[in-house]
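Only one structure is covered here, and it is reproduced in the block below.
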Amino acid sequence: MPISLRASLDYTKLQKDITIAQYEKSIQTAFQEVADGLAARQTYSDQLDAQRSLVAATQDYYRMAEHRYRTGVDSNLTFLDAQRSLFSAQQGLINDRLAQLIAEVNLYTALGGSWKAQSNPALAQRSP
27 MPISLRASLD
37 YTKLQKDITI
47 AQYEKSIQTA
57 FQEVADGLAA
67 RQTYSDQLDA
77 QRSLVAATQD
87 YYRMAEHRYR
97 TGVDSNLTFL
107 DAQRSLFSAQ
117 QGLINDRLAQ
127 LIAEVNLYTA
137 LGGSWKAQSN
147 PALAQRSP
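Sequential numbering from 27 applies to the sequence shown in our numbering.
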């Protein structure tokens, strides 16, 4: 077999091996992204449950502090602290929900879904 033909054959074999390795790597990456997405989904679900419990507890604390303030048992400072705690817990719930939704989009994308941001005319009109 001529040297140039053999070199061409070796080059073609190497190209094939590289292509196969790249394909296998992309499959491994896809499986890893899906596994990460599923794990994140469960983690954020558990975190949201805990945050909802915290919001419920701080709402009870807020109601009790408000009642105690209105009846003159506690100071305004206790009532305001309860209100701040409630707002902080609610903000945490909003942040956790946002993180969960982002994780859902990432999982959808990892599973092969496409994501195209579409402009919403109603939102565009509200923008200053």
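From the three backbone atoms N, C-alpha and C, an ideal C-beta is built for every residue, glycine too.
The C-beta of Ala83 has fewer than 16 other C-beta atoms within 10 Å across all chains shown, which makes the residue exposed. Fully contained in the region 89 to 115 is no alpha helix (DSSP H) run of length 4 or more. Per DSSP, reduced to three states, the secondary structure at Leu74 is helical. Ser140 sits in coil when the DSSP states are folded into three classes, being neither helix nor strand. Cβ contact annotation for Leu112 (same chain, cutoff 8 Å, sequence separation greater than five): Val81, Thr84, Gln85, Tyr87, Tyr88, in chain order.
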